[in-house]
Structure formats: C-alpha cells, structure tokens
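Remarks on the structure that follows.
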Amino acid sequence: MLFEGEQSLPKQCFGTSHVPLSPAVRAGDMVYVSGQVPVGSDGAVVTGGIVEQTEQVLSNVQAALALAGCTMDDVVKTTVWLEDARDFGAFNAVYARHFAKDPPARTTVESRLMIDIKIEVEAVAYRPV
C-alpha cells in the first residue's frame with residue numbers, strides 16, 4: 001500500500017548465475033541473497049570440510065550483499081542448510097566469527113543438498129535506500 005506522494009521502488013537484480021537466479025535482489029529496503037554454496041571464483045567446490053566450506057559460503061554471501069550495497073552488518077535473517085547435523089559445532093564456530101556483534105535471526109536445518117556440498121546459506125538484509 002502506497003501513501004499519498006509515495007512512489008513504488010522497482011525490484012533490482014544484482015549479479016549473474018549459470019542457473020536461473022539472481023545472486024541478490026533488492027525490493028525496497030530489503031535485500032534477498034540467494035542460497036550461496038561453497039564454490040570459489042573458478043566455479044569449483046572448495047576442498048576441505050565444513051570449516052573451509054562455511055568460510056567460502058560466508059565469503060560468497062558477503063560478495064552478493066556487496067553487489068546490492070550491503071554488508072554482513074545489514075543481515076537480519078539467515079537460513080542455513082547443513083548436509084550433516086554433526087557438523088553444526090564447527091559450522092557455528094565459523095559463523096560466530098562472521099556475525100560476532102548483533103547476529104541475525106537464523107534457522108539451521110539438516111538437509112540433502114542439490115550438489116555434493118556440506119552447506120548452503122541464504123540471507124536477508126535490511127538497508128534503507
């Protein structure tokens with residue numbers, strides 16, 4: 001609902017992908033980051049375990065946020081999918097370093113993932129235009 005004198009802000013898509021999605025989409029003051037997986041700039045899944053994959057995923061989240069002019073401090077909600085719940089402790093330690101102050105709301109679930117990876121993370125950020 002728009003109030004008198006207000007204008008609707010268009011949806012803005014940021015970045016590209018080899019699959020049909022935008023890495024980040026701004027809708028008004030909200031920025032939605034598509035699920036990020038542990039692939040490096042070469043497109044290959046990073047080697048290592050949950051620690052290395054979590055570091056890469058959160059780096060990818062940060063890069064997608066930057067496309068829309070946001071930082072990790074702007075994140076208000078994340079959803080995390082872990083391939084194995086036994087990795088939660090190691091994942092959580094890495095995650096805590098990236099969100100040390102005022103961490104966002106978070107949902108974490110165990111799930112079979114679309115490719116052979118240990119983690120996927122999506123984020124929602126709030127950054128007024």
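Going by full-length UniProt numbering, the first residue of the sequence shown is number 1, and it counts up by one from there. All C-beta atoms in this analysis are idealised placements derived from N, C-alpha and C, irrespective of residue type, glycine included. These numbers come from a predicted model, not from an experiment.
Per DSSP, the bridge partner or partners of E83: Partner(s): none; E83 has no beta bridge.
Output the distance between the C-alpha atoms of A24 and M30, rounded to the nearest integer angstrom. If you draw a straight line from the Cα of A24 to the Cα of M30, it comes to about 10 Å.
So, is S22 buried or exposed, given that buried needs 16 or more other C-beta atoms within 10 angstroms? It is buried - the Cβ of S22 has at least 16 other Cβ atoms within 10 Å.
How is the alpha helix (DSSP H) around S59 delimited, first residue to last? S59 -> alpha helix (DSSP H) spans 50-67.
Mapping DSSP to helix, strand and coil, what is M30? Looking at M30 - three-state DSSP - the assignment turns out to be strand.
Short of 8 Å in beta carbon distance, which residues of its chain neighbour G28, apart from the five on each side in sequence? Order them along the chain. Within the same chain, G28 has close Cβ partners L9, V129.
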